[in-house]
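Asks: One structure, as structure tokens, below. Some questions next.
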Amino acid sequence: MSQIATNAEQTIVGNTVIIDTGCANLSSVRYAVERLMTELERESLFVSDDIDLIKSAERVILPGVGTAPAAMNALKSKGLVDVIKSLQQPVLGVCLGMQMLTRSSKERGAQSQDCPCLDIIATEIEQLDSKGLPLPHMGWNQITPSKHPIFDGVSAGSYVYFVHSYRAPISDYTIASAQHGETFSAAIAKDNFIGLQFHPEKSSQAGARMLKNFLNMTKETFANSAANTPLTEALL
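Just so you know, the sequence shown maps onto residues 1 to 236 in UniProt numbering.
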């Protein structure tokens, strides 16, 4: 079902595109989305860095494994930074993909300064204060979700799978929280951009439900401002 797309001739109306950053292992998220698209009787999934294909997609997934500097350099080299920032369809950032949606990351790698990110969601990535617990934060942990379409049918306290050492703090853009030493943003959102710090493709039924919810989203999903209810308001 999925195809590696290299040019705009493969554009199909209503498709879903996983952005090929060139520095992420895409197999697990691709296979998870493929299974759900079969169930939903959808046919068009592409893994691509083609600008026209990404712009025309009905929804876009930004995966990420590795470091923020390497991932951002890959996006810059492919001319994708401004493309991603301009998208108006549903966009899902996964793990490092979520972190790239923010202003900056203190995961510097070989750099001497913080890594500038896409600056779509006004928060910054810092190292997780695990308070003596192991880093990276790896394995199953519970989340507390707020009311957001990505969490339709997902219960509070659901377990999801994390692998990370950096995190976004709790902010007005938090739509789910988790705890590993400190409480941090397990998910953030602004308008049509959604970020999940955990890996939904590795998170069993809860993760599959989130991916299915995303695959059912369209631009119209975000016409209702309730789609961006912050966690702090949702728990009042």
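Yeah, the Cβ is synthetic: ideal placement off N, Cα and C, and Gly gets one too. In this text, all values refer to a predicted model and were calculated from it rather than measured experimentally.
1. How many angstroms separate the CA atom of Leu118 from the CA atom of Ser104?
2. Per DSSP, Asn141 forms a beta bridge with which residues?
3. Have a look at Met100, Gly139, Val33 and Lys55 and flag the residue whose alpha-carbon is nearest the alpha-carbon of Thr123.
4. What separation, rounded to the nearest whole angstrom, lies between the Cα atoms of Gln88 and Glu34?
5. For Asn25, which residues in the same chain have their Cβ closer than 6 Å to its Cβ, ignoring the five residues on either side in sequence?
6. What is the rounded straight-line gap between the Cα of Phe222 and the Cα of Met210?
7. Return helix, strand or coil for Gln205, following the three-state DSSP convention.
8. Please determine, among Pro200, Met217, Thr67 and Glu220, the residue with the shortest C-alpha to C-alpha distance to Tyr31.
9. If you draw a straight line from the alpha carbon of Gly93 to that of Ser177, how long is it in whole angstroms?
10. Go ahead and pull the three-state DSSP assignment for Ser27.
11. Taking contact to mean 3 or more Cβ pairs, one atom from each stretch, closer than 8 Å, check whether the region 57 to 64 and the region 144 to 156 are in contact.
12. Using three-state DSSP, classify Ala189 as helix, strand or coil.
13. Check each candidate in His180, Gln197 and Asp20 and name the one with the smallest Cα separation from Cys95.
14. Please report the residue range of the alpha helix (DSSP H) in which Gly97 lies.
15. Short of 8 Å in beta carbon distance, which residues of its chain neighbour Leu235, apart from the five on each side in sequence? Order them along the chain.
16. Quick check on the burial criterion: 16 or more other C-beta atoms within 10 angstroms. Buried or exposed for Pro63?
17. Could you tell me the distance, in whole angstroms, from the CA atom of Ser165 to the CA atom of Ala189?
18. Looking only at C-alpha atoms, which of Phe151, Ala68, Ile51 and Ala187 sits nearest to Lys78?
19. From the DSSP output, in three-state form, read off Ile175 for me.
20. Would you list the residues sitting across from Ala168 in a DSSP beta bridge?
21. Between His199 and the ligand MG, is the CB less than 8 Å from at least one heavy atom?
22. Helix, strand or coil for Ala57, going by three-state DSSP, please let me know.
23. Quick one: grab the DSSP three-state call for Phe198.
Replies: Inspection of the coordinates gives the following:
1. Straight-line spacing of the CA atoms in Leu118 and Ser104 works out to 8 Å.
2. Under DSSP, Asn141 forms a beta bridge with Val160.
3. With distances taken between CA atoms, Thr123 lies nearest to Met100 out of Met100, Gly139, Val33 and Lys55.
4. Roughly 23 Å separates the two Cα atoms.
5. The residues are Val65.
6. Phe222 and Met210: Cα-Cα distance of roughly 16 Å.
7. Helix at Gln205.
8. Taking only the C-alpha atoms, the option nearest Tyr31 is Pro200.
9. Rounded to the nearest angstrom, the two C-alpha atoms are 16 Å apart.
10. Three-state DSSP puts Ser27 in a helix.
11. The region 57 to 64 is not in contact with the region 144 to 156.
12. DSSP, read as helix, strand or coil, puts Ala189 in strand.
13. If we check each option's Cα against that of Cys95, Gln197 comes out closest.
14. Annotation: the continuous alpha helix (DSSP H) that includes Gly97 extends over Leu96 to Gln99.
15. Caution applies to Leu235, whose pLDDT of 43 falls short of 50 and renders its modelled position unreliable; the model cannot decide the point.
16. For Pro63, the number of other beta carbons within 10 angstroms of its own is at least 16, and it is reported as buried.
17. Annotation: Ser165 to Ala189 spans about 20 Å, alpha carbon to alpha carbon.
18. Checking every option, the nearest Cα to that of Lys78 belongs to Ile51.
19. Per DSSP, reduced to three states, the secondary structure at Ile175 is strand.
20. Checking the DSSP bridge columns, you'll see Ala168 partnered with Ser185.
21. Of the ligands one can find in the structure shown there are none, so the ligand MG has no counterpart to examine.
22. DSSP places Ala57 outside both helix and strand once states are collapsed to three, so it counts as coil.
23. Coil, per DSSP.
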